[in-house]
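Last residue of the sequence shown: number 62 in full-length UniProt numbering, and the count goes up by one each step with no gaps. Each residue gets a CB set at the ideal place from its N, CA and C atoms; glycine is no exception. What follows is one structure encoded as structure tokens, with my remarks underneath.
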Amino acid sequence: MADAPDYKALYFELFRASEQAARILLEAQQKAEEQIMEDDQPPMRLSPSSPEPSPRTSRRSR
1 MADAPDYKAL YFELFRASEQ AARILLEAQQ KAEEQIMEDD QPPMRLSPSS
51 PEPSPRTSRR SR
């Protein structure tokens, strides 16, 4: 009969990997924010756009 998997060890391995992934993402976000703050570009502005017609108003009358 095969031995049962060591679920506790598997859990801790998964937990460490998820912690490492979260740390990598946080460091990447912080690095990107620092680069943006160091850049002397003016802030991006979004212009308002006209609303798209709803599906009910764009159909032909039947």
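query = At a Cβ threshold of 8 Å, is Leu46 touching chain D?
reply = Checking the listed chains, one finds no chain D in this structure; it contains a single protein chain.
inquiry  = Could you compute how far the alpha carbon of Gln29 sits from the alpha carbon of Arg23?
reply    = As a working mapping, residue 29 is identified with position 29 in the sequence shown. As a working mapping, residue 23 is identified with position 23 in the sequence shown. Each residue's Cα considered, the two are about 10 Å apart.
ask   = According to DSSP, is Glu52 helix, strand or coil?
value = What you label residue 52 is simply residue 52 of the sequence shown in a count that begins at 1. Note: Glu52 maps to coil in three-state DSSP.
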